[in-house]
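**Q** Numbering (numbering that gives the first Met the number 0), first residue to last: 0 to 46. Where a beta carbon is used, it is the ideal one built from N, C-alpha and C, also for glycine.
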Amino acid sequence: MLTPAVVHYGQAEHILAQRQQLLLAASNEHPERFACGRPALAQLPAD
0 MLTPAVVHYG QAEHILAQRQ QLLLAASNEH PERFACGRPA LAQLPAD
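#1: CA-CA distance, Gln-17 and Pro-3?
#2: Which of the three DSSP states, helix, strand or coil, is assigned to His-13?
#3: Would you check if the distance between the CB atom of Gln-19 and the CB atom of Leu-43 is smaller than 8 Å?
Shown next as structure tokens:
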């Protein structure tokens, strides 16, 4: 979840990239917790 302020000030891409790196690190360390494959975050709407 992103706050409106984060999206408004253009910080959303940076935060989503950090979250993706964290999820990939977690899936590499504990693959048994990710039975459906590697996690991927949803993209921001192009509004």
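**A** Reading from the atomic positions:
#1: Residue 17 sits at position 18 when you count from the first residue of the sequence shown. Residue 3 sits at position 4 when you count from the first residue of the sequence shown. For the pair Gln-17 and Pro-3, the Cα-to-Cα distance works out to about 18 Å.
#2: The sequence position of residue 13 within the sequence shown is 14, counting from 1. It is helical.
#3: The residue labelled residue 19 in the question sits at position 20 within the sequence shown. The residue labelled residue 43 in the question sits at position 44 within the sequence shown. Not in contact: Gln-19 and Leu-43 (Cβ atoms no closer than 8 Å).
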